[in-house]
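Asker: Residue numbers (this note's numbering): 3 to 397. One structure, as structure tokens, below. Some questions next.
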Amino acid sequence: MNNYNYKGAAALLCAALCLGSCSDQFLQDKKSYGSFGAATIYEDYDGAKTCIDYLYNLLLPVSASGIDYDTPSTGVADIYSKSTEEFAGLSAFVNPETIVDYTNVQDLIFRETKNVSPYGRIRECNDIIEGVEGSKSLTEEQKHELLGQAYFFRAWCYYRLVKVYGGVPIITEVQDPVADSQTPRSSTKATINFIISDLDLAAELLTPATANGGWEDSNYGRVTTGTALALKGRLLLLWASPLFNRANDQQRWQDAYTFMKEALPVIEGCGYGYEETTYETNAANWARIFSPAGNKRSKEAVLVTLYNTINPGGVPDYARNNAWESGIRPSNAQGGGGKTPSEMIISMFPMADGKRPSNSTYSKLSPSVYAYEQNAPFMNRDPRFYRTFAFPGVR
3 MNNYNYKGAA ALLCAALCLG SCSDQFLQDK KSYGSFGAAT IYEDYDGAKT
53 CIDYLYNLLL PVSASGIDYD TPSTGVADIY SKSTEEFAGL SAFVNPETIV
103 DYTNVQDLIF RETKNVSPYG RIRECNDIIE GVEGSKSLTE EQKHELLGQA
153 YFFRAWCYYR LVKVYGGVPI ITEVQDPVAD SQTPRSSTKA TINFIISDLD
203 LAAELLTPAT ANGGWEDSNY GRVTTGTALA LKGRLLLLWA SPLFNRANDQ
253 QRWQDAYTFM KEALPVIEGC GYGYEETTYE TNAANWARIF SPAGNKRSKE
303 AVLVTLYNTI NPGGVPDYAR NNAWESGIRP SNAQGGGGKT PSEMIISMFP
353 MADGKRPSNS TYSKLSPSVY AYEQNAPFMN RDPRFYRTFA FPGVR
């Protein structure tokens, strides 16, 4: 028994001596063998492309989840949709009987955790931009293709931020977490201009790869020159809207109109456009927005999230399922619950002649003009009405 204790003590002493003899160089030489640095991953096209693909996984809107930083309102009756005329009901944002504070309206944008923080994802974009620009192995064509997508997603991150906060700190490089942590907030105008510059650069860099109809089928869903220009047009319209244009500066509206008029041919050249909608076609082409058949994809889908059949709940969760679809089906459908639209959106929907109900009055002399019947709102409506709303169909 005593002999065993002596042996144990000797073993512990040897271990202590061995550890004590290790120099601090051991810690300095310690590397992370579970990841790759810029010197490795950005010198290989497939490795760099994997980083870009990661941005798609992080930042594309996903309808299967709730409202969050990277998930704008996606068609369900959420607190954003109930702040508009789309769905019946009131959210805390617009309920006149509710005093809005941190107890009833959570901050849906700011996150401290890197994996879901806006600035954590902006850091991912900046890391790719720095790595690809500094690569000595990638060709100029490969660099343009990768950088165009990275600049688009950085602009998308800031677009999501400016909609909620207005001006925010603009960070364009991978910062030291301590030394560079104090970046002042920029004005709303400066933030808007920064997003525009990123989108302009993305559109320019992506043009060779996405002209003449966009990417080939194997890369369908990636952003294109047209995607960047379309988002820029939306940003200019946001800048002209009452949200940021309290004085109703008419020049902002004119700038948005002029830009979109000039950009539309380029956007259409990337394969986007309006689907034909007539009574003769019964809005069949437009309906492909919701249910694409084979390769007949909708031209109106500009920023696309492709769905899969992976079961949700994994870590990380790679599921991209349209699981909420059954919830928006009519209540009498199997498993459906239905979502109630507001009377306002029903009344705003166009008539068959494309005019608002208040501007379309039926007369025998002008049979192509249609009257709006409030008790039978489904009569004589734009064909898209019948692809959007479920109703009994009797007077």
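Where a beta carbon is used, it is the ideal one built from N, C-alpha and C, also for glycine.
Extract the residue ranges of the alpha helix (DSSP H) inside the region 242-311, only unbroken runs of 4 or more that lie entirely within it.
Answerer: Counting only runs of 4 or more, we get 252-271, 286-289.
Asker: Taking Asp200 and Tyr274 to be in contact with their CB atoms under 8 Å, please state how far apart those CB atoms are, rounded to whole angstroms.
Answerer: No, Asp200 and Tyr274 are not in contact; Cβ-Cβ is about 20 Å, not under 8 Å.
Asker: Exposed or buried, what is Val134 when buried is set at 16 or more other beta-carbons lying within 10 Å of its beta-carbon?
Answerer: That one is buried.
Asker: Cutting at 8 Å between CB atoms, please list the residues of its own chain near His146, excluding the five before and the five after it.
Answerer: Closer than 8 Å at Cβ, skipping near neighbours: Leu207, Leu208, Pro210, Ala211.
Asker: Just to confirm, are Pro385 and Thr279 a CB contact at a threshold of 9 Å?
Answerer: Result yes, Cβ atoms of Pro385 and Thr279 sit closer than 9 Å.
Asker: Kindly confirm or deny that the region 155-175 and the region 185-195 touch, where touching means at least three C-beta pairs closer than 8 Å.
Answerer: Judged by Cβ distances under 8 Å, the region 155-175 makes contact with the region 185-195, as three or more pairs qualify.
Asker: Is Leu238 buried or exposed, if buried means 16 or more other CB atoms sit within 10 Å of its CB?
Answerer: Buried is the call here.
Asker: Given a cut-off of 9 Å, decide if Asn128 and Arg156 are closer than it, judged by their beta-carbon atoms.
Answerer: Going by C-beta atoms, Arg156 is nearer than 9 Å to Asn128.
Asker: Rounded to whole angstroms, how far is the Cβ of Tyr2 from the Cβ of Ser137, which I believe are closer than 8 Å?
Answerer: Outside the displayed span of the chain (3 to 397) sits residue 2, for which this structure offers no information.
Asker: Please classify Arg322: does DSSP put it in a helix, a strand, or coil?
Answerer: Note: Arg322 maps to coil in three-state DSSP.
Asker: Going by DSSP in three states, Phe393 sits in which element: helix, strand or coil?
Answerer: Phe393 falls in the coil class under three-state DSSP.
Asker: Please say whether Arg125 and Val176 have beta carbons closer to each other than 9 Å?
Answerer: Yes; because the gap between Cβ atoms is below 9 Å, this pair is in contact.
Asker: Short check: CB of Ile81 to CB of Val102, under 9 Å?
Answerer: Taking 9 Å as the Cβ cut-off, Ile81 and Val102 do not qualify as a contacting pair.
Asker: What span of residues does the alpha helix (DSSP H) with Phe112 cover, start to end?
Answerer: No alpha helix (DSSP H) contains Phe112, which DSSP labels as neither H nor E.
Asker: On the three-state DSSP scale, how would you describe Met350?
Answerer: Reduced to three states, the DSSP call for Met350 is helix.
Asker: Return the CA-CA distance between Gln144 and Tyr47, expressed in angstroms with no decimal places.
Answerer: C-alpha separation (whole angstroms): 7 Å.
Asker: Once the 5 residues before and after Glu88 are set aside, which same chain residues still bring their CB inside 6 Å of it?
Answerer: So the qualifying residues of the chain are Ile347.
Asker: Determine whether the beta carbon atoms of Arg123 and Leu57 lie at a separation below 9 Å.
Answerer: Contact: yes.
Asker: What does the alpha-carbon distance come out to for the pair Gly356 and Pro179?
Answerer: So the two alpha carbons sit approximately 55 Å from each other.
Asker: State the beta-bridge partners of Arg125 as determined by DSSP.
Answerer: Beta-bridge pairing links Arg125 to no other residue.
Asker: Span of the alpha helix (DSSP H) holding Phe380?
Answerer: It is not in any alpha helix (DSSP H) - Phe380 carries neither H nor E in the DSSP assignment.
Asker: Please report the straight-line C-alpha distance between Gly395 and Leu305, rounded to a whole angstrom.
Answerer: Between Gly395 and Leu305, the C-alpha separation is close to 34 Å.
Asker: Quick one: grab the DSSP three-state call for Arg386.
Answerer: Correct three-state label for Arg386: helix.
Asker: What are the boundary residues of the alpha helix (DSSP H) that includes Asn59?
Answerer: Run containing Asn59: 47-61, per the alpha helix (DSSP H) assignment.
Asker: Please report the straight-line C-alpha distance between Arg383 and Ala392, rounded to a whole angstrom.
Answerer: Taking the straight line from one Cα to the other gives about 13 Å.
Asker: Assign Cys20 to one of three DSSP states: helix, strand, or coil.
Answerer: Residue confidence for Cys20 is low, a pLDDT of 48 falling below 50, so the modelled location carries little weight and cannot support an answer.
Asker: Rounded to a whole number of angstroms, what is the C-alpha to C-alpha distance between Leu140 and Tyr160?
Answerer: Taking the straight line from one Cα to the other gives about 28 Å.
Asker: Tell me, to the nearest whole angstrom, how far the beta carbon of Gln151 is from that of Val96; I am working on the premise that it is less than 8 Å.
Answerer: Wrong, their Cβ atoms sit about 36 Å apart, outside the cutoff.
Asker: Whole angstroms is fine: what's the gap from Val118's alpha carbon to Asn59's?
Answerer: For Val118 and Asn59, the distance between alpha carbons rounds to 12 Å.
Asker: So what's Pro120 in DSSP terms, helix, strand or just coil?
Answerer: Note: Pro120 maps to helix in three-state DSSP.
Asker: Measuring only the C-alpha atoms, how far is Ile269 from Glu345?
Answerer: One C-alpha to the other measures close to 34 Å.
Asker: For Gly49, is the classification buried or exposed, using 16 other Cβ atoms within 10 angstroms of its Cβ as the cut-off for buried?
Answerer: Exposed.
Asker: Starting from the C-beta of Gly235, find all residues in its chain whose C-beta is less than 8 Å away, skip the five residues before and the five after it, and write them out in chain order.
Answerer: Result list for Gly235: Ala258, Phe261, Met262, Ala265, in chain order.
Asker: Please report how far the alpha carbon of Thr307 lies from the alpha carbon of Tyr372, in whole angstroms.
Answerer: If you take the alpha carbons of Thr307 and Tyr372, they lie about 38 Å apart.
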